[in-house]
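*Asks:* Handing you a structure now.
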Amino acid sequence: MNKCCCNAKSKLIYSCSGAANTGEMADQISRKLAKEGYGNMTCLASVGAHISGFVESAKRADENITIDGCSVACAKKILEHIGVTPTKSYTLTEMGVEKGKTPSNEEIISKISNKIKKDLPLKADQENNAEGDKNSGCSCCSC
Numbered sequence: 265m266n267k268c269c270c271n272a273k274s275k276l277i278y279s280c281s282g283a284a285n286t287g288e289m290a291d292q293i294s295r296k297l298a299k300e301g302y303g304n305m306t307c308l309a310s311v312g313a314h315i316s317g318f319v320e321s322a323k324r325a326d327e328n329i330t331i332d333g334c335s336v337a338c339a340k341k342i343l344e345h346i347g348v349t350p351t352k353s354y355t356l357t358e359m360g361v362e363k364g365k366t367p368s369n370e371e372i373i374s375k376i377s378n379k380i381k382k383d384l385p386l387k388a389d390q391e392n393n394a395e396g397d398k399n400s401g402c403s404c405c406s407c
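Read in our numbering, the sequence shown has 363 at position 99, and its numbers run on one by one without any break.
Below you can see the structure in the form of structure tokens.
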């Protein structure tokens, strides 16, 4: 278990940010979940580029969550490539989003986010303070 400076478990969110509507939505959903305290969004591209700090953060995290836009599952595969099995993986096309067809809008983002939230508890250190920007780059938390 990796504890950060505030003794919270580290829960990292990795998002597909592909060019299709599904990648755009996966990114927006990940940002929404991070902002609301369900984890900390970090840089998937840096893991794929084997930037040491990002790779080590993924390997030490208590939980790694991937949100992919489609069945290609780039986020999940990038983590698996460095020997990390995601704790939880979500794929938007398996949640009712159609690649190239479903419009990216707040209604869809909220609908999918709410489905994921039912399965993904708030971070313990943020249950009482879910407001504000919780995005933290490559660190485990925003403290």
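Note that CB positions come from ideal geometry on N, CA and C, so glycine has one too.
1) How long is the line joining the alpha carbons of residue 318 and residue 311, rounded to whole angstroms?
2) Taking the C-alpha atoms as reference points, what is the distance between residue 274 and residue 308?
3) Can you tell me the Cα-Cα spacing of residue 288 and residue 281, whole angstroms?
4) Just to confirm, are residue 306 and residue 356 a CB contact at a threshold of 8 angstroms?
5) Would residue 303 pass as a contact of residue 342 if the rule is Cβ separation under 8 angstroms?
6) If we ignore side chains and look at the alpha-carbon of each, how far apart do residue 334 and residue 358 end up?
7) Which parts of the region 318-399 are runs of the alpha helix (DSSP H), unbroken and 4 residues or longer, counting only runs that do not cross its ends?
8) Report yes if the CB atom of residue 331 is closer than 8 angstroms to the CB atom of residue 293, and no otherwise.
9) How is residue 277 classed by DSSP in three states: helix, strand or coil?
10) Would you call residue 301 buried or exposed, if buried means 16 or more other Cβ atoms sit within 10 Å of its Cβ?
*Replies:* Taking the structure as given:
1) 6 angstroms
2) 16 angstroms
3) 6 angstroms
4) no
5) no
6) 8 angstroms
7) 338-345, 370-383
8) yes
9) strand
10) buried
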